[in-house]
Amino acid sequence: MDSSSEPVTVSGENEGAVLTSKWVELQSPERADSVLELLRNYGASQTQISKLIRSHPKLLSTDPEKTLLPKLEFFSSLEISKVDLLKTLTFNPKLLAVSLRNRILPTYNFLRSILSEKNVGVIFKHNSWIFLEGHCKHVVPNIGLLRESGMSQPCISFLLTRGTRVLMVNPEKFGQLVSEVKEMGFNLEKSTSVNALCALCGKNKLVLNRSRELLKTWGWSEDDFPSAFRKNPQCMVVSEKKLMQAMDLLVNKMGWSSGMIAKYPVALGLSLERRLIPRCSVVKVLLLKGFINENLNLGSLLKPTEKQFLEIFVNRYLGQVPELLSVYQGKVDIQDV
Numbered sequence: 070m071d072s073s074s075e076p077v078t079v080s081g082e083n084e085g086a087v088l089t090s091k092w093v094e095l096q097s098p099e100r101a102d103s104v105l106e107l108l109r110n111y112g113a114s115q116t117q118i119s120k121l122i123r124s125h126p127k128l129l130s131t132d133p134e135k136t137l138l139p140k141l142e143f144f145s146s147l148e149i150s151k152v153d154l155l156k157t158l159t160f161n162p163k164l165l166a167v168s169l170r171n172r173i174l175p176t177y178n179f180l181r182s183i184l185s186e187k188n189v190g191v192i193f194k195h196n197s198w199i200f201l202e203g204h205c206k207h208v209v210p211n212i213g214l215l216r217e218s219g220m221s222q223p224c225i226s227f228l229l230t231r232g233t234r235v236l237m238v239n240p241e242k243f244g245q246l247v248s249e250v251k252e253m254g255f256n257l258e259k260s261t262s263v264n265a266l267c268a269l270c271g272k273n274k275l276v277l278n279r280s281r282e283l284l285k286t287w288g289w290s291e292d293d294f295p296s297a298f299r300k301n302p303q304c305m306v307v308s309e310k311k312l313m314q315a316m317d318l319l320v321n322k323m324g325w326s327s328g329m330i331a332k333y334p335v336a337l338g339l340s341l342e343r344r345l346i347p348r349c350s351v352v353k354v355l356l357l358k359g360f361i362n363e364n365l366n367l368g369s370l371l372k373p374t375e376k377q378f379l380e381i382f383v384n385r386y387l388g389q390v391p392e393l394l395s396v397y398q399g400k401v402d403i404q405d406v
């Protein structure tokens, strides 16, 4: 049997793991061994190596010194941890196949002309596809359109960092998206316009439409949704489960009107476990004991920092309700106070 068609055994944490010849026709078993050794030296686990080879079999035929090592060294130079580097490469193994000189470096240089090294690292971790597709075809013309439309450079940088995929949309569709955002009354000089672009792009728009229909069942009017969206676009694209849990807590358990929540849509985007439930539990106790007015403004509950909230709603009443801090920390139930 030809040696190139024999199974390749990957030694390491999981002895005997086999990469079969159906994944790759090896020209050089020695080269394959060198590739595997290089990946292990960079801290890749056996599971990660297996995923990389399954997704990109030709990696075993790559020249480890001339092709693979320079890419690994470049990616390692970004401001990201080795753990994040390996997670990204395992998720998007084609990064090890695309040309460093002709695609990766030009895109990196473009990003660095606009962003800090740290934010380029953020893009690599969360939107590494831009290093595969490049920046010339879509990103550059789309940024040009935003500049012509009056978007400030800080907002463009914010969008490029946090919503990279939005800028990778076909320029014609992107132009329609920008027009839609402007028609909805967003000011392109403010960061809310960036959040709106992200919320209206791709799958998020489906989520947005679903949220609109769900909130109608809670009594939101035709005007409530667009008004709430203009105030806080990202809170309108949370999961269905999170949306329903938040509305159930605020409307059914706390007794606030659906219309009030529409005025403070930030409530729908806050963490239930870390923000909404602890604060609502404290306020519920204070309401039941008559220490605060039932017409409490929802914003005064949500806007304060944790330190401010503790001072206003917890520490002030500890003399009358000693268990209040424990309620806030989830150690004591409301009915036990």
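FYI, my numbering numbers position 316 of the sequence shown as 385, with every residue one higher than the one before it.
By construction, the Cβ of each residue, glycine as well, lies at the ideal position given by its N, Cα and C atoms.
Go ahead and pull the three-state DSSP assignment for Q404.
helix
L178 to R348 span [Cα, whole Å]:
The question names Leu, yet the displayed sequence has Asn at residue 178. N178 and R348 have their alpha carbons spaced roughly 46 Å apart.
P334, enclosing alpha helix (DSSP H) - first and last residue:
Here P334 belongs to no alpha helix (DSSP H), and DSSP marks it neither H nor E.
What's the gap between the Cα of K163 and the Cα of V209?
22 Å
Do you know how far the Cα of Q314 is from the Cα of N110?
46 Å
Take K181 and list the residues in its own chain whose beta-carbon comes closer than 7 Å to its own, dropping the five residues that flank it on each side.
First, the amino acid is wrong: residue 181 is Arg here, not Lys. Closer than 7 Å at Cβ, skipping near neighbours: V189.
Just to confirm the assignment: which complete alpha helix (DSSP H) runs, minimum length 4, are found wholly within the region 356-383?
367-371, 375-378
Which word fits P223, buried or exposed, when buried means at least 16 other C-beta atoms lie within 10 angstroms of its C-beta?
exposed
Tell me which same chain residues have a C-beta within less than 6 Å of the C-beta of V306, skipping the five on either side of it?
The residues are A268, N273, V276, L277.
Would the beta-carbon of C304 fall within 7 Å of that of V263?
no
Considering only their Cβ atoms, is the gap separating V104 from L129 smaller than 7 Å?
yes
Given E148, which residues of its chain have a CB within under 8 Å of its CB, disregarding the five upstream and five downstream residues?
Within the same chain, E148 has close Cβ partners E186, K187, V189, G190.
Nearest-angstrom Cα separation, counted from H195 out to T157
8 Å
V396 and V351 look like a contact to me (Cβ under 8 Å); what is the Cβ gap, rounded to whole Å?
6 Å
Determine the direct distance from the alpha carbon of R385 to that of H204, and round the result to whole angstroms.
55 Å
On the three-state DSSP scale, how would you describe L394?
helix
In its own chain, which residues sit with a C-beta less than 8 Å from the C-beta of W325, not counting the 5 before and 5 after it?
L319, L367
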